[in-house]
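**Q** First the structure, then my questions, so here it is.
Numbering (full-length UniProt numbering), first residue to last: 1 to 202.
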């Protein structure tokens, strides 16, 4: 076959703008970071519900649906933690490119690892939300007893106890669930997020 008859497949593929026009929304990555028990998943679920009720298509990615699926071969070594976030970011990029609002709720403890995620997804599509709930409050909540085990040395390299958590340098939004109610937090999120994902009146 002559080369002039070979065309790049991308010439035939729909573009991101086509999918966003179909959904009438902009793809965006909402990256919740914070200590275990800070309220990341609770906020993510509440925000997803709020977006859904306003006709926004979104998808939550968290430890339960990632660690049991595409990352089920990874452990908790430093290298595996980095690979865990890298894969999450790559999957998120695909969702965002489809015009889907993607919500991630992961500890992602270092600025370097969060920067990696932002670089993969694209800084213009990446919104970092720091759930700054203090360690003592997170420990009080400790539903799974993880902090107690970490204090006893039964869990190694546990973020906040035996492994550091680096406070985000320039988060797009900071929420402290020890001083702000769930309703207040969701209202703040809604006010901040909606202008980024909708180009029409809800």
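No residue lacks a Cβ here, since even glycine has one placed at the ideal position from N, Cα and C.
Fair warning: this is a prediction, and the values are worked out from it, not measured in the lab.
With DSSP run on the structure shown, which of helix, strand or coil describes residue 203?
**A** Residue 203 cannot be examined here, being either before or after the span of the chain that is shown, 1 to 202.
**Q** Determine the extent of the alpha helix (DSSP H) in which residue 194 is found, giving its start and end residues.
**A** Along the chain shown, read from residue 1 onward, the residue named residue 194 stands at position 194. Run containing residue 194: 182-197, per the alpha helix (DSSP H) assignment.
**Q** Terminal residues of the continuous alpha helix (DSSP H) containing residue 33?
**A** Here residue 33 refers to the residue found at position 33 of the chain shown. Element bounds for residue 33: not the alpha helix (DSSP H) but the beta strand (DSSP E), 28-33.
**Q** Taking the alpha carbon of residue 116 as the reference point, which residue from 85, 74 and 161 has its own alpha carbon closest?
**A** Translated into positions along the chain shown, residue 116 becomes position 116. Per the Cα distances, 85.
**Q** Is DSSP giving residue 12 helix, strand or coil here?
**A** To locate residue 12, count along the chain shown from 1; it is residue 12. The answer is coil: DSSP assigns residue 12 none of H, G, I, E or B.
**Q** Given a cut-off of 9 Å, decide if residue 114 and residue 128 are closer than it, judged by their beta-carbon atoms.
**A** Translated into positions along the chain shown, residue 128 becomes position 128. Translated into positions along the chain shown, residue 114 becomes position 114. Contact: yes.
**Q** According to DSSP, is residue 119 part of a helix, a strand, or is it coil?
**A** Here residue 119 refers to the residue found at position 119 when the chain shown is read from its first residue. Here residue 119 sits in helix by DSSP.
**Q** What is the DSSP secondary structure of residue 107, reduced to helix, strand or coil?
**A** For the purposes of this step, residue 107 is identified with residue 107 of the chain shown, where counting begins at 1. Coil.
**Q** Am I right that residue 103 and residue 30 are in contact with their C-beta atoms under 8 Å? What's the rounded C-beta distance?
**A** Your numbering for residue 103 matches position 103 in the chain shown. Your numbering for residue 30 matches position 30 in the chain shown. That belief holds up - the Cβ atoms of residue 103 and residue 30 are roughly 5 Å apart, short of 8 Å.
**Q** Which runs of the beta strand (DSSP E) spanning at least 3 residues fall entirely within the region 45-80, listed in chain order?
**A** List check, beta strand (DSSP E) in window: 58-62.
**Q** Identify, in the order they occur along the chain, each residue of the same chain with its Cβ nearer than 8 Å to the Cβ of residue 253, setting aside the five sequence neighbours on each side.
**A** Because the chain is modelled from 1 through 202, residue 253 falls outside the range shown and cannot be assessed.
**Q** Would you mind reading off the limits of the alpha helix (DSSP H) that contains residue 156?
**A** Along the chain shown, read from residue 1 onward, the residue named residue 156 stands at position 156. Where residue 156 is concerned, there is no enclosing alpha helix (DSSP H), given that its DSSP letter is neither H nor E.
**Q** From the DSSP output, in three-state form, read off residue 167 for me.
**A** By 1-based counting over the chain shown, the position of residue 167 is 167. In the structure shown, residue 167 sits in coil (DSSP, three-state: anything other than H, G, I, E or B).
**Q** Pick helix, strand or coil for residue 42, following the three-state DSSP scheme.
**A** In the chain shown, counting from the first residue as 1, residue 42 sits at position 42. Here residue 42 sits in helix by DSSP.
**Q** Run through DSSP, which three-state label would residue 85 get?
**A** Translated into positions along the chain shown, residue 85 becomes position 85. Residue 85 falls in the helix class under three-state DSSP.
**Q** Compute the distance between the beta-carbons of residue 70 and residue 96, then report whether it is under 9 Å.
**A** By one-based count along the chain shown, residue 70 stands at place 70. By one-based count along the chain shown, residue 96 stands at place 96. Cβ atoms of residue 70 and residue 96: not closer than 9 Å.
**Q** Could you tell me how far apart the beta carbons of residue 45 and residue 60 are, in whole angstroms, since I believe they sit closer than 8 Å?
**A** By one-based count along the chain shown, residue 45 stands at place 45. By one-based count along the chain shown, residue 60 stands at place 60. Contact holds; Cβ gap of about 7 Å.
**Q** Any heavy atom of the ligand SAH closer than 8 Å to the CB of residue 14?
**A** What this structure holds is no ligand at all, so the ligand SAH is not there to describe.
**Q** Tell me the DSSP secondary structure of residue 175 in three-state form.
**A** In the chain shown, counting from the first residue as 1, residue 175 sits at position 175. It is a strand residue.
**Q** Nearest to residue 122 by alpha carbon, out of 191, 39, 28 and 24?
**A** The count along the chain shown starts at 1 and reaches residue 122 at position 122. Ranking the options by Cα distance to residue 122, first place goes to 28.
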